[in-house]
Ligand SMILES: Cc1cc2nc3c(=O)[nH]c(=O)nc-3n(C[C@H](O)[C@H](O)[C@H](O)COP(=O)(O)O)c2cc1C
């Protein structure tokens, strides 16, 4: 089946971490945010806010908190995407419907809302030749992000995003075969053969991207990433922000 323009764009996605000096104008960013807002929203609660971080010292503090990711400092635009239940809370209180503080369901809806919105922002940007990368590293030390951006309760920083005009073009990372992620009628675990075939695919990808220097596969990279970033402070942090308590 022929791919649409949009599908070609989606399949060409790769994260960008090096940018030219060209600025991202405020009006352009607003247009991208409007595209983000066009995403579907759970019960139309629109439970997100985005903070553009312009202040140099704030950027540097967040970059440090995120594990010294230099692209946070260098990118023409750096955004922090927050799950935001404050307006929802205001609506509930105004309607006399009680507070929503802490409910897991609403927290989940807000995290889904902001994620869908952010992916729309990135895709809109990519459609115009911009590039970017999500920054989950802000959750290494999320309280620093809260303090620097003065986020009130019920506003949870979920990830950042660097945006700008690409100064690098990485190869597209091969995704898992569709059969591993698309199930029919009932769930089926991936077989060890499927996992090792994908490990082989990723081993070749990492080797070719690093000129043969990097020997890694999907399983080893995943295990290191996941176990090396348990971020055990997150449970307490979520509760402190008013999320996932009840
Ligand atoms: C929620 C989320 C958080 C991420 N956090 C980081 C990050 O902190 N730093 C970074 O360099 N890349 C980060 N990434 C980018 C991923 O590493 C990247 O999307 C993945 O390796 C696939 O590569 P690709 O985007 O080039 O296809 C993040 C991606 C997502 C979706």
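In our numbering, the protein residues as written are 361 to 606. Where is the CB? At the ideal position from N, CA and C, for every residue including glycine.
Provide the residue(s) that pair with residue i in DSSP beta bridges, ordered along the chain.
i: residue 409; result: 442
i: residue 515; result: 444
i: residue 526; result: 379
i: residue 520; result: 440, 495
Inspect the beta-carbon positions of residue i and residue j and report whether they are closer than 8 Å.
i: residue 609; j: residue 505; result: Look at the range of the chain in this structure, 361 to 606, and you will see that residue 609 is not part of it.
i: residue 408; j: residue 461; result: no
i: residue 379; j: residue 489; result: no
i: residue 370; j: residue 483; result: yes
i: residue 419; j: residue 437; result: no
i: residue 435; j: residue 501; result: no
i: residue 522; j: residue 492; result: yes
i: residue 410; j: residue 440; result: yes
i: residue 604; j: residue 467; result: yes
i: residue 399; j: residue 480; result: yes
i: residue 528; j: residue 376; result: yes
i: residue 558; j: residue 536; result: yes
Can you tell me whether residue i is buried or exposed? The criterion is at least 16 other CB atoms within 10 Å of its CB, across all chains shown.
i: residue 588; result: exposed
i: residue 455; result: exposed
i: residue 486; result: buried
i: residue 444; result: buried
i: residue 546; result: exposed
i: residue 478; result: buried
i: residue 530; result: exposed
i: residue 499; result: buried
i: residue 335; result: Lying before the first or after the last residue shown, residue 335 is absent from the chain, which here runs from 361 to 606.
i: residue 429; result: buried
i: residue 508; result: buried
i: residue 597; result: buried
i: residue 606; result: exposed
i: residue 511; result: buried
i: residue 417; result: exposed
i: residue 464; result: exposed
i: residue 383; result: exposed
i: residue 585; result: exposed
i: residue 573; result: exposed
i: residue 421; result: buried
Measure the alpha-carbon distance for residue i versus residue j and round it to whole angstroms.
i: residue 520; j: residue 393; result: 14 Å
i: residue 555; j: residue 566; result: 16 Å
i: residue 442; j: residue 514; result: 9 Å
i: residue 469; j: residue 448; result: 11 Å
i: residue 406; j: residue 397; result: 8 Å
i: residue 385; j: residue 526; result: 16 Å
i: residue 423; j: residue 579; result: 28 Å
i: residue 576; j: residue 563; result: 5 Å
i: residue 600; j: residue 450; result: 19 Å
i: residue 453; j: residue 446; result: 10 Å
i: residue 381; j: residue 361; result: 39 Å
i: residue 366; j: residue 373; result: 11 Å
i: residue 591; j: residue 427; result: 13 Å
i: residue 560; j: residue 549; result: 19 Å
i: residue 569; j: residue 503; result: 35 Å
i: residue 538; j: residue 552; result: 16 Å
i: residue 571; j: residue 390; result: 39 Å
i: residue 581; j: residue 431; result: 21 Å
i: residue 540; j: residue 395; result: 31 Å
i: residue 401; j: residue 414; result: 28 Å
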